[in-house]
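J.: Okay, here's the structure, questions in a sec.
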Amino acid sequence: MKRILDPLDERIIAELRLNARAAHAELAAKVNLSRNAVRQRIERLERDGVIQGYTVRTGEGAQASSNINAVIFVYRYDRMRGAEVLQALQAMPEVLQCDVMSGEFDLMLRVAAANPERVHKVWKDISALPGVENTVTSFVLSSVV
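When you line the sequence shown up against UniProt numbering, it's residues 1 to 145, in that order.
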């Protein structure tokens, strides 16, 4: 039976990929859950076989996360009064970073998800937000720095 992960599970897994030794309290702060809720989710993910173990990464030879990363540029209808868009983005666990930009686009988002289909779903959710006029999405091919 294939387990379907919700966005919070995906965010917890993404954070564990970055630091498998992160304390439950640290993870809780990053995903906006209680420490106990994070602990229970991790235990369930381990029990269900989603998390099958933990590993060690070393130096420059470390493998990149298996997440799919994308950059989404967002243009809001009213760049000065689009606080609702910012609040909605903060609630999306796949949105790892949101920067307010000068120039053509208002926001630059860094998104991480388990697969391209999930990135597409996040993009659809962002595009459908009231106040979002346009988006441009690019998948990250590799990270140099």
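Each residue gets a CB set at the ideal place from its N, CA and C atoms; glycine is no exception.
Please read all numbers here as calculations on a predicted model, not as lab measurements.
Keeping to the same chain, check which residues put their C-beta closer than 6 angstroms to that of L86; ignore five residues upstream and five downstream.
T.: The residue you call residue 86 lines up with position 86 of the sequence shown. Taken in chain order, the list of residues that qualify is empty.
J.: Just the Cα atoms here: how many angstroms apart are R9 and L16?
T.: Against the sequence shown, residue 9 aligns to sequence position 9. Against the sequence shown, residue 16 aligns to sequence position 16. Checking the sequence shown, residue 9 turns out to be Asp, not Arg. Using only the alpha carbons, I get a separation of about 11 angstroms.
J.: Exposed or buried, what is E133 when buried is set at 16 or more other beta-carbons lying within 10 Å of its beta-carbon?
T.: On the sequence shown, position 133 is the one that residue 133 refers to. Looking at its Cβ environment, which holds fewer than 16 other Cβ atoms inside 10 Å, E133 is exposed.
J.: Where does Q63 fall in DSSP's three states?
T.: Residue 63 sits at position 63 when you count from the first residue of the sequence shown. Confidence at Q63 is low in this model, with a pLDDT of 46, below 50, so the placement of that residue should be treated as unreliable; the coordinate-derived value is given next. Residue state, collapsed to three classes: coil.
J.: Excluding sequence positions up to five away, which residues of its chain have a Cβ less than 7 angstroms from the Cβ of W123?
T.: For the purposes of this step, residue 123 is taken as the residue at position 123 of the sequence shown. Only I72, T135 and T137 meet the Cβ criterion.
J.: Taking a contact to mean a Cβ-Cβ separation below 8 angstroms, would you say M108 touches D99 in this structure?
T.: Taking the first residue of the sequence shown as position 1, residue 108 is located at position 108. Taking the first residue of the sequence shown as position 1, residue 99 is located at position 99. Yes, they are a contact pair.
J.: For L141, which option in I68, N115 and S102 has the closest C-alpha, if you only look at C-alpha atoms?
T.: Position 141 of the sequence shown, counting from 1, holds the residue named residue 141. Selected option, being the one with the closest Cα: I68.
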